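Trainee:
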Amino acid sequence: MKSPIASIAVVLAIVIGLGVDGVFAQQAPVKRNFEAEIQAALESAKTAAGFEFLGTLVRTCLLPQSGGEDTRDNVPGYITNPASAPARDTWYAEPAKVFDNLYFVGGKLHSAWALTTKEGIILIDTIYPYNSEALIIGGMQKVGLDPKNIKYVLISHAHGDHIGGAEMLQTRYGTRVVMGGPDWDSVAKYPNRYKTMAPKRDIVATDGMKITLGDTTVTIWLTPGHTPGTLSYTFTVLDRGKAVNVAYSGGTAFNFVNNTPDPGIKNFQTYIDSQKHMAAKAAATGATVLLSNHSEFDNAFNKNRMLAGRGEGPHPYELGADWVQRYFQVMQGCARAAQLKLEQMVETKR
Ligand SMILES: [Zn+2]
4 MKSPIASIAV
14 VLAIVIGLGV
24 DGVFAQQAPV
34 KRNFEAEIQA
44 ALESAKTAAG
54 FEFLGTLVRT
64 CLLPQSGGED
74 TRDNVPGYIT
84 NPASAPARDT
94 WYAEPAKVFD
104 NLYFVGGKLH
114 SAWALTTKEG
124 IILIDTIYPY
134 NSEALIIGGM
144 QKVGLDPKNI
154 KYVLISHAHG
164 DHIGGAEMLQ
174 TRYGTRVVMG
184 GPDWDSVAKY
194 PNRYKTMAPK
204 RDIVATDGMK
214 ITLGDTTVTI
224 WLTPGHTPGT
234 LSYTFTVLDR
244 GKAVNVAYSG
254 GTAFNFVNNT
264 PDPGIKNFQT
274 YIDSQKHMAA
284 KAAATGATVL
294 LSNHSEFDNA
304 FNKNRMLAGR
314 GEGPHPYELG
324 ADWVQRYFQV
334 MQGCARAAQL
344 KLEQMVETKR
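Residue numbers 4 to 353, in the numbering used here, belong to the letters of the sequence shown in order.
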């Protein structure tokens, strides 16, 4: 037999239910509360970020976004006038051996990674044309790697801060270049923008494509959004002989707002779907390390310095699977908040 309290609860539920139904039957549909939805998305991103992903949170949730797609084809200032390139002390970072087979050869803000294998090196991203020589070539030599052994270079996306050294590597060492199809198309479409940077069209990445060199495989995942051809990766590194799985996120900022005719709502959905795709691949591969294409987003610059004092302690890059998922929640929360602002804008214009 039901207890009296349970019976009262059932009666109350019916009464309340009828009451609510009655109210809705008489009134117009409730207007969406965009402010509340935006706040909820921002809160979810902030909670997920903690202290670990503050850089990513600031860039994607808090700072103004960088505007619509650039359709101009201008030669970058640092190519026309090399003296205008940022000063060395603004970007120079020391190279670092981060895992047994993974070396950081990037700068203070941008990443480049050399993954060593028994048959040569896979390089991930190439920074700017003006600092790839110092950071990648110089950095590799400093940690005892020979740049001639770079067999593949994977370009996360065709922006000057990631593709900058690709043409140099292809021409100098015959390195095979892997990039997303739409980003290869951009390189062809804007010859001035990619002056001195554009590699000859080579390997077109597909979702799930494996780049294998010797004993090591990098799996490519298509994560369009930041650019239409943005790539992310999963691969395994060794920490003092122990296998550790890495998720590499290839594009971050929302540089596609105000595109016409869609203000960016669809592109944000593409971006959000890509984060979900990559989060699922990170979970499926047991990734406990999150690397970003910007050293300001995965704290590579600071973590490389922490490594020096590691001793017998934990690896500063090894966050655990839950934290890797939280990175993708930050990206999704911030993207959803920005998408909601556009939806609100469209709604109020009606
Ligand atoms: Zn970019």
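We put the beta carbon where it would ideally sit given N, CA and C, even for glycine.
Remember, predicted model here, so these are calculated numbers, not experimental data.
1) For V239, which of M309, L172, L118 and T63 has the nearest alpha-carbon?
2) In three-state DSSP terms, what is E321?
3) So, helix, strand or coil for K198, using DSSP?
4) In chain order, which alpha helix (DSSP H) runs of at least 4 residues are fully inside the stretch 42-102?
5) With three or more beta-carbon pairs closer than 8 Å as the criterion, would you say the stretch 43-50 touches the stretch 281-293?
6) Starting from M212, follow its DSSP beta bridges and name the residues at the other end.
7) If we ignore side chains and look at the alpha-carbon of each, how far apart do F37 and C337 end up?
8) Quick one: what's got a C-beta closer than 6 Å to P266's C-beta in the same chain, skipping five residues either side?
9) When every heavy atom of ligand 1 is checked, does at least one fall within less than 7 Å of the C-beta of G323?
10) Provide the residue span of the beta strand (DSSP E) that contains I130, from first to last.
11) Where Q144 and N152 are concerned, what is the direct C-alpha to C-alpha distance, given to the nearest angstrom?
12) Compute the Euclidean distance between the alpha carbons of K111 and P67, then round it to the nearest angstrom.
13) Taking Cβ positions, are Y131 and P85 nearer each other than 8 Å?
14) With 16 other CB atoms within 10 Å as the buried threshold, where does G123 fall?
15) Which partner residues of S252 appear in the DSSP bridge assignment?
16) Tell me whether D164 sits in a helix, a strand or coil according to DSSP, three-state version.
17) May I have all residues whose beta carbon comes closer than 7 Å to any heavy atom of ligand 1, sorted in chain order?
18) In whole angstroms, what separates the C-alpha of S235 from that of G323?
19) Between I166, T226, A51 and Q335, which has its C-alpha nearest K198's C-alpha?
20) Which stretch, first to last residue, makes up the beta strand (DSSP E) that contains F257?
21) At what residues does the alpha helix (DSSP H) containing A286 begin and finish?
22) Suppose you measure from the CA of L157 to the CA of I127; what does that come to, to the nearest Å?
Mentor: Taking the structure as given:
1) Residue identity differs from the one stated: residue 239 is Thr in this sequence, not Val. Closest by C-alpha distance to T239, out of M309, L172, L118 and T63, is L118.
2) In the structure shown, E321 sits in a strand (DSSP, three-state: E or B).
3) Of the three classes helix, strand and coil, the one that applies to K198 here is coil, per DSSP.
4) If only uninterrupted alpha helix (DSSP H) runs of at least 4 residues are considered, those enclosed by the stretch 42-102 are 57-60, 80-83 and 91-94.
5) Touching, no.
6) In the DSSP assignment, M212 forms no beta bridge with any residue.
7) Distance between the alpha carbons of F37 and C337: 15 Å.
8) Excluding residues within five positions, the ones whose Cβ falls inside 6 Å are L345.
9) Result no, Cβ not under 7 Å from ligand 1.
10) According to the DSSP assignment, I130 belongs to no beta strand (DSSP E), since it is labelled neither H nor E.
11) Here the C-alpha atom of Q144 lies approximately 11 Å from the C-alpha atom of N152.
12) The alpha-carbon atoms of K111 and P67 are separated by roughly 21 Å.
13) Contact: no.
14) By the neighbour-count rule (16 or more Cβ atoms within 10 Å), G123 is buried.
15) For S252, the beta-bridge partners assigned by DSSP are S295.
16) Look at D164 here: in three-state DSSP terms it is helix.
17) Put simply, the residues with a CB less than 7 Å from any heavy atom of ligand 1 are H160, H162, D164, H165, H229, T230, G254, A256 and N258, in chain order.
18) Across the structure, S235 and G323 are spaced so that their CA atoms are roughly 19 Å apart.
19) Comparing alpha carbon positions, the residue from I166, T226, A51 and Q335 closest to K198 is I166.
20) The continuous stretches of beta strand (DSSP E) do not include F257, and DSSP gives it neither H nor E.
21) Note, A286: alpha helix (DSSP H), I268 to A287.
22) Straight-line Cα distance between these residues: approximately 5 Å.
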